[in-house]
Amino acid sequence: MALFREYSITERCLGPVSQLADTPDWIYTLDNPYLHGVYAPTLNEMHVDNLPVSGELPADLVGAYFRNGPNPRFQPRNRHHPFDGDGMVHGVYFRDGKASYRNRHVQTAALAQELASGKSISPGVMGPFDYNISRFGIKDTANTDVLWYAGDLVALWYNAGDPYRLDGNDLRTKGHFNLHGRAQTRMSAHAKVDASNGELLFFDYGDEPPYMTYGVADARGNLLHEVAIDLPGPRLPHDIGFTQHYAVVHDLPFFHDMNVLRKHGYRVLTFHRDIPTRFGIIPRRGQSADVRWFECQPCYILHVTNCWEEDDWVVMDGCRSLNPMPDAQAGEGKLASMLAYMRLEANAYRWRFNLKTGEVREGDIDDLNTEFNKSNPLFHGVRSRYAYHQRIPLLHEGGHTLRFTALVKYDNDTGRSSQWDYGVGVFGSEAVFAPKPGADRSCAEDDGYVITLVTDSKDWTSNCLVFDATDIAKGPVARVRLPQRVPFGFHATWARGEELYAVRQILEPAR
Ligand SMILES: [Fe+2]
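For what it's worth, the working numbering labels the leading residue of the sequence shown as 2, then goes sequentially.
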């Protein structure tokens with residue numbers, strides 16, 4: 002293990018220096034902190050029912066929490082970045098006061114190719130990009146986002162790859178996810194489902210024109226609308242927002258130099274502090290020319306909490322970063338290039354755009370460093386107040402990128418928050434809001450549960466925590482002991498029991 006002591010940051014990644022039995026042996030031959038400790042992949046795929054519970058699972062907690070994340074199957078052929086691992090979905094299912102767990106890799110085309118050859122084939126984001134191996138230049142892992150749409154889970158990749166459909170009940174990969182009537186197959190992570198009508202609002206982006214498209218599909222997987230969004234060049238947008246009548250697309254001044262990518266096969270990212278951030282507001286079925294752009298202070302934004310309309314205004318809550326570049330002086334050192342565009346120095350923020358006058362108002366909701374912000378999905382598109390973030394201490398606070406130390410509930414109208422610390426050495430996952438069965442917008446916005454997964458780096462146990470959303474600070478009302486260690490991950494979603502457990506098939510199999 003001496004190799005890993007080369008990095009001071011590694012000590013904080015590892016937890017106790019011991020070999021984990023559920024990981025592949027090859028990770029111990031690699032001098033890369035993002036393959037160890039909370040980042041270490043698991044070899045296990047399992048299904049276990051009747052999990053032990055501390056506290057009491059609410060009878061009206063019916064549905065499942067799903068979380069996607071990177072879990073590399075084979076030893077990487079280039080320098081491993083934490084974005085690169087093969088997608089693996091972990092699911093915790095709740096019903097009748099009991100809980101079950103299941104996890105499976107997303108069987109992507111790239112993983113199937115590697116399983117057939119017994120080794121890693123595609124390069125990862127550290128490059129060099131190779132378009133002879135993958136049309137994306139790197140491996141499409143479907144490891145970033147997961148959402149419930151048209152009767153299936155959909156696994157999505159941040160780099161706008163080919164999404165996959167998974168059976169929500171057994172996590173089996175059914176195949177590619179293609180919308181009927183859409184020739185293009187790429188779709189970015191953070192497509193959004195409008196709970197009021199089941200519509201899917203999505204976008205994709207890439208290095209060649211059109212640099213972004215935006216589209217809408219109905220609740221049954223049929224494309225309704227798709228248009229090109231006019232951007233000045235290739236960008237790395239990560240999310241969109243929507244209101245009852247509009248979608249909000251992002252043009253962020255944090256992007257890579259295409260000449261370097263073409264010549265050398267590497268993405269070199271720069272945050273252009275002299276270029277304003279722009280948000281484009283387009284009617285949900287609008288044309289390219291209908292986009293109204295609003296210029297804001299230069300920033301990067303990963304995740305939108307919610308958007309809505311107030312008279313002439315469109316309001317957008319999210320987390321804003323003024324410093325998305327890695328800081329070589331702050332201890333990241335030689336890892337700095339690896340950490341590019343995964344820095345999460347961000348805080349809760351509100352933008353307001355006046356559709357009549359073009360005025361922009363923006364400002365902090367709070368200055369605490371948080372991200373992976375979620376809210377009640379029933380209120381997406383309409384005015385909402387509460388959000389559930391992950392606390393991410395900064396490096397000088399002893400923190401580390403993508404390690405979540407607490408759940409923070411915000412009242413975005415007042416900036417007040419309440420918090421539950423996961424505990425020393427315990428790290429969380431993105432939390433989701435679970436509405437109660439039959440709940441709709443007539444219910445109180447925080448009448449439901451907040452669910453997350455935590456992994457304890459002291460003994461490598463993992464638990465699923467269930468909070469009463471009205472009172473996060475009192476701690477979880479139930480704690481479900483999972484049958485294995487769950488590595489760190491990215492995004493999560495909630496599937497409501499009335500949809501997940503109903504035997505029905507909405508979306509036709511991909512052809
Ligand atoms: Fe994301």
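Glycine included, C-beta positions come from ideal geometry on N, C-alpha and C.
Among the options, nearest to residue i - alpha-carbon criterion
i      : options                        : result
Val478 : Tyr267, Ala60, Asp153          : Ala60
Pro513 : Glu296, Met259, Gly287         : The question about residue 513 has no answer here: the residues shown for the chain are numbered 2 through 512.
Glu311 : Phe255, Ala151, Gly382, Asp153 : Gly382
Phe95  : Gly70, Val63, Leu356           : Val63
Ile452 : Ala470, Arg221, Pro73, Gly359  : Ala470
Ala161 : Ile139, Asp171, Gly439         : Ile139
Lys357 : Trp314, Ala218, Pro299, Asp365 : Trp314
Glu209 : Arg263, Asn104, Lys120, Asp168 : Arg263
Val425 : Ala445, Thr456, Leu396, Lys437 : Thr456
Asp219 : Ala192, Ser430, Gln298, Ser123 : Ala192
Gly364 : Lys475, Arg351, Glu372, Phe373 : Arg351
Gly266 : Asn307, Asp275, Phe137, His177 : Phe137
Per-residue DSSP class, three states only, for residue i
i      : result
Glu57  : coil
Ser419 : strand
Ala329 : Caution applies to Ala329, whose pLDDT of 47 falls short of 50 and renders its modelled position unreliable; the value that the coordinates give is listed next. DSSP places Ala329 in helix when its eight states are reduced to three.
Phe130 : coil
Ala341 : Low per-residue confidence applies at Ala341: pLDDT is 48, beneath 50, and the placement is therefore not dependable, though the value from the model is reported in the following sentence. In this structure, Ala341 counts as coil in the three-state DSSP scheme.
Tyr159 : coil
His304 : strand
Ile452 : strand
His239 : coil
Gly498 : helix
Glu520 : Any property of residue 520 remains undetermined from this structure, which presents the chain solely from 2 to 512.
Phe178 : coil
Phe75  : coil
Lys475 : helix
Val217 : strand
Tyr490 : For the sequence presented, residue 490 should be read as Gly rather than Tyr. Here Gly490 sits in coil by DSSP.
His397 : helix
Gly98  : coil
Thr244 : coil
Ala290 : helix
Phe137 : coil
Glu509 : Confidence at Glu509 is low in this model, with a pLDDT of 44, below 50, so the placement of that residue is unreliable and no value is reported for it.
Gly334 : Residue placement at Gly334 is flagged as unreliable, the pLDDT there being 46, under the threshold of 50; the coordinate-derived value follows with that caveat. Correct three-state label for Gly334: helix.
Val90  : strand
Thr271 : strand
Glu7   : The predicted model places Glu7 with a pLDDT of 33, which falls under 50 and marks its position as unreliable, so this point remains unresolved.
Ala503 : coil
Phe380 : helix
Tyr206 : strand
Gly64  : strand
Gly38  : helix
Asp1   : With the chain covering 2 to 512 only, the question about residue 1 has no answer from this structure.
Asp231 : coil
Tyr150 : strand
Asp26  : helix
Leu224 : strand
N- and C-terminal bounds of the alpha helix (DSSP H) containing residue i
i      : result
Lys1   : This structure leaves residue 1 out entirely; the chain is present only between 2 and 512.
Leu116 : 110-118
Proximity of residue i and residue j at Cβ, strictly below 8 Å
i      : j      : result
Gly207 : Thr142 : no
Ile283 : Leu253 : no
Ile230 : Val305 : no
Asp153 : Gln185 : no
Ala347 : Ser322 : yes
Trp495 : Phe434 : yes
Val194 : Val147 : no
Leu224 : Gly182 : yes
Arg386 : Asn413 : yes
Ala493 : Tyr411 : no
Thr371 : Cys320 : yes
Val217 : Leu237 : no
Terminal residues of the beta strand (DSSP E) in which residue i lies
i      : result
Leu466 : 462-469
His390 : 387-392
Pro284 : 278-284
Met317 : 314-322
Glu46  : Neither: Glu46 is in no beta strand (DSSP E) and is coded neither H nor E.
Leu408 : 407-412
Asp365 : 361-365
Tyr350 : 348-355
Asn374 : 371-375
Ile122 : Taken as a continuous stretch (DSSP letters only), Ile122 belongs to no beta strand (DSSP E), as it is neither H nor E.
Gly429 : 427-429
Arg166 : 165-167
Ala435 : 433-436
Any chain C beta carbon closer than 8 Å to residue i
i      : result
Leu167 : No chain C is part of this structure, which consists of one protein chain only.
Taking 7 Å as the limit, name every residue whose beta carbon sits nearer than that to some heavy atom of ligand 1, in sequence order. Thr145, Asp146, Tyr159, Ala190, His191, His239, Asp240, Leu303, His304, Phe491, His492
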